[in-house]
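In this note's numbering, the protein residues as written are 27 to 694.
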């Protein structure tokens, strides 16, 4: 019980100011006359506020009203007092009482016609082009949905009843309720029925009131006959059950002026507008409340309304599916080549008929969002193309992702588009020159630095070669080296040019401080038989302390083979210590093999004396040299190949090895 009490206390604290019990009727009435969902998700609710006497309450401020949807308060409520017009169906019950004449010989129908015509023309009760009026009689509809007072006046004056019997008022009033229930010409118009009759049956009054209540139609009744005390209670009951009023005509047109005043006042209503967050089809409920300046609170009945909601539909508009970014000449900035972007139109539709704002739209290219727009209305997206600079034909998948203001998301069908790029590359030197004066200065400085660097490198290499020759006695005996050849190096006279040999021996000395290893060497067992410089000659190459790089590209290797089965950089030999030599494969095409076992990438392969190495069709044998007890090298002299002339000749040489090919010397 304690929890239940707290629950009701919370509810009353939230909604108590809007609709306390007993407020409706004691201080007036608040009624929802119409709920307009044509502009969904914007919903407009039309309400009438009347005081205890039934007179409309004008001039209520915005803060007076509150609205609940399915028991929850709505936010962003906008209130406006507007003149929506009156929708009225007049029913003339042409009973025998209408044919009764007064003392002056005038029919009761003539008095009724005079009273109605005063509403249509004589006094400003009706508003032309605003109100919607229909006249119904037992003979049929006299005039339907007229917006002109003169037209109504003329039609009513021309009407003469031809009905001879007693009219059955039930089908006549039912027909009027059906006409009033039709869609009004203007949103918010409150339908009303005015029955001018000499009386109806009590049972018929209850049934007709139930129908009118279901359609939220007010039925005003006017007694036009005799014996009011006998037949008037049923007419009065019909009016009260539908929230309307009862009047006695008594052949006096002035008696209907209060009715006409009330009908005219029904034009003014309050429109409560808000944007609903309804995201599913269904039936929903609205209830309005108003707090008057007197402190009284009015509460309307809860009114249901249907809403149909479906996700939006989006697809691509027309745009080229084959796009070419091409330039007839090289450009410094490829991203500027046209087109740099492609505008893609969007075709958006709402199958439920409710056009609404867009929360977010994305262009997905190959599943990645490249353009995101967050706006109420999105008509197109942009595909950036400046980043496509690689030449070729590329295929891309495009799709649109869209979310509306209700949070409903949709993906468009996929579209395949092709982008062709044909932009010639600009040479590096042209790029530098194209940057203006600073580029030219940078180019001159770069050229000077390059010349100085090449000169320094030639001087250093030449000095290293002579120094290494004197220290290691590689190319000639020590006694043949003169001291001045070390301190004053000079180049020999240029020899006749010869074709580049297939086998380039390792460089003389890679660095000035580097010493060749006398512990191991490679023997060329088999290579390109078409090489005249190495055919039928013993070939032995020393393994230097820094190791050897083996392959076909002279720019990347120390030992070069022209055989096409050898990769540009095929393998390398590293000296880990005087006792350990390892060979590694450099991701070659044909692989590196030791004793017909392929060398893997995991740690290389340690070389032993006599190991047979295969690089494609090139075959080498690895040898280690043993040392004598006195520390010298214990091996007789071997044959060394000279590659400086076109003829192959073998000379006796000291127990050293052929050194790497010097690219400078090879050209001179």
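C-beta atoms are modelled at their ideal positions from N, C-alpha and C, and glycine is treated no differently.
Open item on the list: Using only the alpha-carbon positions, how far apart do residue 104 and residue 95 sit?
Closed with: As a working note, residue 104 is residue 78 in the chain shown. As a working note, residue 95 is residue 69 in the chain shown. Cα to Cα, residue 104 sits roughly 15 Å from residue 95.
Open item on the list: If I follow the unbroken alpha helix (DSSP H) through residue 143, where does it start and stop?
Closed with: As a first step, residue 143 must be located in the chain shown, where it is residue number 117. Counting along the chain, the alpha helix (DSSP H) containing residue 143 begins and ends at 134-143.
TODO: Could you please give the first and the last residue of the uninterrupted alpha helix (DSSP H) stretch that includes residue 179?
DONE: Here residue 179 refers to the residue found at position 153 of the chain shown. First-last of the alpha helix (DSSP H) with residue 179: 175-184.
TODO: Return helix, strand or coil for residue 231, following the three-state DSSP convention.
DONE: Taking the first residue of the chain shown as position 1, residue 231 is located at position 205. In the displayed model, residue 231 falls within a helix according to three-state DSSP.
- [ ] Apply the 10 Å Cβ neighbour rule to residue 430 and answer buried if 16 or more other Cβ atoms are within range, or exposed otherwise.
- [x] The residue you call residue 430 lines up with position 404 of the chain shown. So residue 430 counts as buried.
Task: Rounded C-alpha distance that separates residue 285 from residue 312 - done: In the chain shown, counting from the first residue as 1, residue 285 sits at position 259. In the chain shown, counting from the first residue as 1, residue 312 sits at position 286. Roughly 30 Å between the two C-alpha positions.
- [ ] Would you tell me roughly how many angstroms separate the C-alpha atoms of residue 139 and residue 183, rounded to the nearest one?
- [x] Position 113 of the chain shown, counted from the first residue, corresponds to residue 139. Position 157 of the chain shown, counted from the first residue, corresponds to residue 183. Answer to the nearest angstrom: the Cα atoms are 7 Å apart.
Task: Assigned exposure category for residue 613 - 16 Cβ within 10 Å defines buried - done: Indexing the chain shown from 1 puts residue 613 at position 587. Exposed, since its Cβ has fewer than 16 Cβ neighbours within 10 Å.
Task: Opening and closing residue of the beta strand (DSSP E) in which residue 570 lies - done: Indexing the chain shown from 1 puts residue 570 at position 544. Start and end: 566-570.
- [ ] Give the secondary structure of residue 533 by DSSP, where H, G and I count as helix, E and B as strand, and everything else as coil.
- [x] Translated into positions along the chain shown, residue 533 becomes position 507. The pLDDT assigned to residue 533 is 43, lower than 50, so where the model puts this residue is not dependable, and the model offers no usable value.
Open item on the list: Which of the three DSSP states is assigned to residue 252 in this structure?
Closed with: Counting from 1 along the chain shown, the entry for residue 252 is found at position 226. Three-state result, residue 252: coil.
TODO: Verify whether the separation of the beta carbon atoms of residue 249 and residue 274 is less than 7 Å.
DONE: Here residue 249 refers to the residue found at position 223 of the chain shown. Here residue 274 refers to the residue found at position 248 of the chain shown. Residue 249 places its beta carbon less than 7 Å from that of residue 274.
TODO: Counting only the same chain and skipping the five closest in sequence on each side, list residues whose C-beta sits under 8 Å from that of residue 365.
DONE: Looking up residue 365 in the chain shown gives position 339. For residue 365, where only same-chain residues beyond five positions count, the Cβ hits under 8 Å are 349, 351, 411.
Open item on the list: Is the beta carbon of residue 406 closer than 7 Å to that of residue 371?
Closed with: As a working mapping, residue 371 is identified with position 345 in the chain shown. As a working mapping, residue 406 is identified with position 380 in the chain shown. Contact flag set, yes.
Open item on the list: Taking the straight line between their C-alpha atoms, what separation do you get for residue 395 and residue 335?
Closed with: What you label residue 395 is simply residue 369 of the chain shown in a count that begins at 1. What you label residue 335 is simply residue 309 of the chain shown in a count that begins at 1. Distance between residue 395 and residue 335, taken at the CA atoms: about 27 Å.
Open item on the list: Is it the case that the segment 197-207 contacts the segment 236-243, given that we only count it when at least three CB pairs across the two stretches are under 8 Å?
Closed with: In the pairwise beta carbon analysis, the segment 236-243 is classified as touching the segment 197-207: at least three pairs are separated by under 8 Å.
Task: Local conformation of residue 153 per DSSP, three classes - done: As a working note, residue 153 is residue 127 in the chain shown. Coil.
Task: CA-to-CA distance, residue 116 to residue 267, given in whole angstroms - done: As a working note, residue 267 is residue 241 in the chain shown. As a working note, residue 116 is residue 90 in the chain shown. Straight through space, the alpha carbons of residue 116 and residue 267 are spaced by roughly 19 Å.
Task: Meets three-Cβ-pair contact criterion under 8 Å: the segment 78-87 and the segment 118-129 - done: Pairwise C-beta distances place the segment 78-87 out of contact with the segment 118-129, as fewer than three of them are shorter than 8 Å.
Open item on the list: Spatial neighbours of residue 343 within its chain, please: C-beta separation below 8 Å, excluding the five flanking residues on both sides.
Closed with: Here residue 343 corresponds to residue number 317 of the chain shown, with the count starting at 1. Here the set comprises 370, 371, 372, 373, 406.
TODO: Measure the alpha-carbon distance for residue 234 versus residue 310 and round it to whole angstroms.
DONE: By one-based count along the chain shown, residue 234 stands at place 208. By one-based count along the chain shown, residue 310 stands at place 284. Using only the alpha carbons, I get a separation of about 27 Å.
Open item on the list: Any contact between the segment 582-591 and the segment 643-653? By contact I mean 3 or more CB pairs, one from each, below 8 Å.
Closed with: Yes, they touch.
TODO: Spell out a yes or no on whether the segment 51-60 and the segment 321-333 are touching, meaning 3 or more CB-CB pairs, one atom from each, closer than 8 Å.
DONE: Touching, yes, given that three or more Cβ pairs across the two stretches are closer than 8 Å.
Open item on the list: Could you check whether residue 277 and residue 171 sit closer than 7 Å to each other, using their CB atoms as the reference points?
Closed with: Sequence index remark: in the chain shown, residue 171 carries index 145 (1-based). Sequence index remark: in the chain shown, residue 277 carries index 251 (1-based). In this structure, residue 277 does not lie closer than 7 Å to residue 171 by Cβ.
Open item on the list: Is the separation between the beta-carbon of residue 436 and that of residue 424 shorter than 7 Å?
Closed with: Position 410 of the chain shown holds residue 436. Position 398 of the chain shown holds residue 424. The answer is no: Cβ separation not under 7 Å.
Open item on the list: Taking only three categories from DSSP, how would you classify residue 281?
Closed with: Within the chain shown, the letter at position 255 stands for residue 281. Looking at residue 281 - three-state DSSP - the assignment turns out to be helix.
TODO: Ignore the nearest five residues each way along the sequence and tell me which others in residue 161's own chain have a CB closer than 6 Å to its CB.
DONE: Start at 1 with the first residue of the chain shown, and residue 161 comes out as number 135. Closer than 6 Å at Cβ, skipping near neighbours: 116, 168, 169.
Task: Proximity winner among 584, 216, 251, relative to residue 114 (alpha-carbon distances) - done: The count along the chain shown starts at 1 and reaches residue 114 at position 88. Comparing alpha carbon positions, the residue from 584, 216, 251 closest to residue 114 is 216.
TODO: Compare the C-alpha of residue 259 against each of 163, 269, 231 and name the closest.
DONE: Within the chain shown, numbered from 1, the residue matching residue 259 stands at position 233. Residue 231 is the option with its Cα nearest to residue 259.
Task: Alpha-carbon spacing of residue 333 relative to residue 143, whole angstroms - done: As a first step, residue 333 is located in the chain shown; it is residue number 307 there, counting from the start. As a first step, residue 143 is located in the chain shown; it is residue number 117 there, counting from the start. Roughly 42 Å between the two C-alpha positions.
TODO: State the CB to CB distance for the pair residue 64 and residue 301, rounded to an integer number of angstroms; the pair is presumed to be in contact (CB under 8 Å).
DONE: Along the chain shown, read from residue 1 onward, the residue named residue 64 stands at position 38. Along the chain shown, read from residue 1 onward, the residue named residue 301 stands at position 275. Actually they are not in contact, since the Cβ atoms of residue 64 and residue 301 sit about 14 Å apart, beyond 8 Å.
Open item on the list: Suppose contacts are defined by Cβ-Cβ distances below 7 Å. Is residue 164 in contact with residue 223 by that definition?
Closed with: By one-based count along the chain shown, residue 164 stands at place 138. By one-based count along the chain shown, residue 223 stands at place 197. Using a Cβ distance threshold of 7 Å, residue 164 and residue 223 do not count as a contacting pair.
Open item on the list: Please report the distance separating the alpha-carbon of residue 549 from that of residue 418.
Closed with: Looking up residue 549 in the chain shown gives position 523. Looking up residue 418 in the chain shown gives position 392. Roughly 48 Å between the two C-alpha positions.
- [ ] Mind checking who residue 409 pairs with in its DSSP beta bridge?
- [x] Taking the chain shown and counting its residues from 1, one reaches residue 409 at position 383. By DSSP's assignment, residue 409 forms a beta bridge with 368.
Open item on the list: Using 7 Å as the threshold, is the C-beta distance between residue 598 and residue 578 below it?
Closed with: Mapped onto the chain shown, residue 598 falls at position 572. Mapped onto the chain shown, residue 578 falls at position 552. Their beta carbons are not under 7 Å apart, which means residue 598 does not touch residue 578 by this criterion.
TODO: Let me know if residue 547 comes out buried or exposed under the rule of 16 or more other beta-carbons within 10 Å of its beta-carbon.
DONE: Residue mapping note: residue 547 aligns to position 521 of the chain shown, counting from 1. By the neighbour-count rule (16 or more Cβ atoms within 10 Å), residue 547 is buried.
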